[in-house]
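The sequence shown begins at 1 in my numbering and counts up by one.
Think of the CB as a built atom: it goes at the ideal place given N, C-alpha and C, for glycine as much as any other residue.
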Amino acid sequence: MEIPKKECPKPREDGEWVIETETVLKLISSNGTSMQISEPCRYGHPRYPRGWGWKDFISWKRLEKSYIVDGSVTVEAHVTITKMEGFGKEDL
1 MEIPKKECPK PREDGEWVIE TETVLKLISS NGTSMQISEP CRYGHPRYPR GWGWKDFISW
61 KRLEKSYIVD GSVTVEAHVT ITKMEGFGKE DL
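What follows is the structure, given as structure tokens:
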């Protein structure tokens with residue numbers, strides 16, 4: 001399944017802007033068990049890194065043993081925008 005990519009309407013160089021989100025990632029196994037992680041994330045301001053992740057979410061060994069089936073893994077992602085600053089109404 002292809003997910004369309006939506007670019008932020010305002011480039012970094014065009015003043016200060018910040019988007020805050022609540023991000024939930026969920027791994028789903030073939031037997032119906034799941035695990036998830038939830039964390040707030042911030043984007044846009046130069047003091048916030050552009051990349052992010054959860055390095056301790058799951059070990060590769062556990063992922064292979066419990067969640068990968070026939071070379072595939074099911075990941076469900078939910079991202080809720082909780083705050084936007086530095087955007088004019090016409091950009092939204």
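DSSP on residue i, reduced to helix/strand/coil?
i: E85; result: strand
i: E39; result: strand
i: K26; result: strand
i: S59; result: coil
In chain order, what residues of the same chain have a beta carbon less than 7 Å from the beta carbon of residue i, not counting five sequence neighbours either side?
i: M84; result: I19
Can you give me the C-alpha to C-alpha distance between residue i and residue j, rounded to a whole angstrom?
i: W93; j: V79; result: What is shown of the chain runs 1 to 92, which leaves residue 93 out entirely.
i: A77; j: M35; result: 12 Å
i: P40; j: K26; result: 15 Å
i: S72; j: F87; result: 39 Å
i: E64; j: V24; result: 21 Å
For residue i, collect the residues of the same chain with a Cβ closer than 6 Å to its Cβ; drop the 5 residues on either side in sequence, then sort them by chain order.
i: T74; result: I28
Between residue i and the rest of its own chain, which residues show a CB-CB distance below 8 Å, the 5 nearest in sequence each way excluded?
i: I58; result: L27, M35 and Y67
Quick one, which of the options has its alpha-carbon nearest residue i's?
i: V69; options: F87, W54 and S30; result: S30
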